[in-house]
Amino acid sequence: MTNQTPHAASRLERILAYMVASVVGLSILAFLAVIIGTAAGAGADNGFGQGVWPAVLALPLFGLPLGFLLIIALMVMTAIRRARDARQSRE
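Under the UniProt record's numbering, the first residue of the sequence shown is numbered 1, with each subsequent residue one higher.
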């Protein structure tokens with residue numbers, strides 16, 4: 001019978017997981033802020049071109065693809081670790 005003890009995630013895997021959660025979470029919050037700002041009338045007369053709004057508008061454009069790439073990196077790292085653990089348990 002094989003040993004089924006769960007392997008603790010490495011520090012890099014935890015960092016990547018938190019990065020994914022924070023980048024995607026901030027992007028979703030920025031997206032919601034744009035929706036609420038539009039409903040409140042902030043977009044009228046180029047209101048989104050002033051202040052902090054350009055950064056809020058750009059965050060989902062860069063954050064969501066970055067989050068997707070970080071998820072792929074996390075999945076690859078986890079697959080490599082699992083393959084290594086499986087190979088060691090067979091020996």
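Note that beta-carbon positions come from the ideal geometry of N, C-alpha and C, so glycine has one too.
The C-alpha of residue 78 lies about 11 angstroms from the C-alpha of residue 17. Within the same chain, 56 come within 7 angstroms of residue 33 by CB-CB distance, once the 5 residues on both sides are set aside. If you look at residue 27, you'll find it in the alpha helix (DSSP H) that goes 11-40. Residue 59 sits away from residue 22, with the two beta carbons spaced by 8 angstroms or more. In the displayed model, residue 8 falls within coil according to three-state DSSP, outside both helix and strand.
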